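Below is one structure, written out as structure tokens; the observations come after it.
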Amino acid sequence: MKKKLKKEILRKLFHLYQLPVIVGYIVLKYYFSEGIAVFALAIVLMLIIELESLRLEWKVKVPDFLGIMRKHERSRVTGSLYMIISTIIVFSVFDFKIALVALLLTVFGDLASAIIGIRFGKHRLKNGKSWEGLIGGLVINLLVAMIFLAQYPLVAITMAAVASFTELTTYKLDDNLTVPLFSAFFGHTIAYVLGISFVQLTNPMQDLYIFLQTFL
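In case it helps, my numbering puts the sequence shown at residues -9 to 206.
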């Protein structure tokens, strides 16, 4: 159990690489333009595709120094590709703050649900996930969503709940793709129904400042 927990913690902490990507997007969007920021994400996507192509198409062995790669990932694309694709989609399609929250829910909610599920999970589902992990992930998702969407609790609660439910029920697909897309879609929909627009209310650097104060 300890070995499995340690491996999962390392694996999820590795997924924190997404945070510099988000910060980079915010900085480029604020100081230059949204087009340049999205183009930078496209460059990251192309680099990941090339690396995955070398590994899968050309059979170039990529060292797994931390031993965090799952067995099935050795013969198929890893979650990093799905994560950057979902990042480009949500930032391009949805309001900035909705997209930002959706991505942070994916990072921190997944981390919490996995670790709590392994450490305390006793009530398992058929896909191996647990109700304890769901509750732990939901609590973290609610915390993250309320930090950025405190003025709009219904939007925050909806996004947190959708993110947790999607993570719980995603098995065949990759939750790095499903969680941000579904949580952003439902959050954006609720905001639209309520007549909320985040475009004029959001300063990217303010969100970055809040994020650094809260999590770093």
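Glycine residues also receive a C-beta, built at the ideal position from the N, C-alpha and C atoms.
All of these numbers come straight from a predicted model, not from anything done at the bench.
With a threshold of 9 Å between beta carbons, is residue i in contact with chain B?
i      : result
Ala146 : Going by chain labels, chain B is absent from the structure shown, which holds only one protein chain.
Name the two residues that bound the continuous alpha helix (DSSP H) containing residue i.
i      : result
Phe98  : Premise fails: Phe98 is in no alpha helix (DSSP H) and is neither H nor E.
Gln141 : Unbroken run through Gln141: none, as it is neither H nor E.
Asp232 : Coverage of the chain is limited to positions -9 through 206, which leaves residue 232 absent and any answer about it impossible.
Lys87  : 86 to 94
Val13  : 8 to 21
Glu24  : 24 to 46
Val83  : 69 to 83
Within 10 angstroms of the Cβ of residue i, are there 16 or more other Cβ atoms? Answer buried if so, exposed if not.
i      : result
Phe55  : At Phe55, the pLDDT of 47 sits below 50, so the modelled position is not reliable; the number obtained from the coordinates is stated separately. Exposed is the call here.
Leu101 : buried
Tyr15  : buried
Pro170 : buried
Val83  : exposed
Can you tell me the Cα-Cα spacing of residue i and residue j, whole angstroms?
i      : j      : result
Leu191 : Gly177 : Because Leu191 carries a pLDDT of 45, less than 50, the predicted location of this residue cannot be relied on, and the following value inherits that uncertainty. Going from the Cα of Leu191 to the Cα of Gly177 covers about 16 Å.
Ile38  : Arg66  : 13 Å
Phe81  : Leu115 : 33 Å
Tyr20  : Leu128 : 31 Å
Leu184 : Phe175 : 14 Å
Phe29  : His113 : 44 Å
Leu35  : Lys162 : 22 Å
Lys119 : Leu158 : 7 Å
Val207 : Ile26  : Here the chain has residues from -9 to 206 only, and residue 207 is not among them.
Ile11  : Phe110 : The question names Ile, but residue 11 in the sequence shown is Val. Rounded to whole angstroms, Val11 to Phe110 spans 31 Å at the Cα level.
Lys51  : Glu122 : 37 Å
Ser43  : Gly99  : 29 Å
Ile106 : Ile130 : 11 Å
Tyr182 : Val17  : 26 Å
Leu124 : Tyr142 : 23 Å
Thr160 : Val91  : 19 Å
Glu40  : Ile108 : 33 Å
For the putative contact between residue i and residue j, defined by C-beta atoms under 8 Å, what is the C-beta separation to the nearest angstrom?
i      : j      : result
Val126 : Ser103 : At residue 126 the sequence reads Gly, which differs from the Val that was named. Right, their Cβ atoms sit about 6 Å apart.
Ser187 : Met149 : Actually they do not touch by this definition, with Cβ atoms about 16 Å apart.
Ile78  : Ala32  : 7 Å
Ile180 : Leu144 : 6 Å
Requested in this report: Tell me, please, whether the region 87 to 97 touches the region 130 to 139 by the rule of three or more beta-carbon pairs shorter than 8 Å.
Outcome: These segments touch.
Report task. Taking 8 Å as the threshold, find out whether the region 35 to 47 comes into contact with the region 7 to 25 through three or more Cβ pairs. Result -> Counting Cβ pairs under 8 Å, fewer than three are found: no touch.
Query - Stretch pair the region 68 to 78 + the region 162 to 173: three plus CB contacts closer than 8 Å - result: Taking 8 Å as the limit for Cβ pairs, the verdict is that the region 162 to 173 does touch the region 68 to 78.
Query raised in the report: Between the region 87 to 106 and the region 149 to 163, are three or more C-beta pairs nearer than 8 Å?
Result: Result yes; three or more Cβ-Cβ pairs closer than 8 Å.
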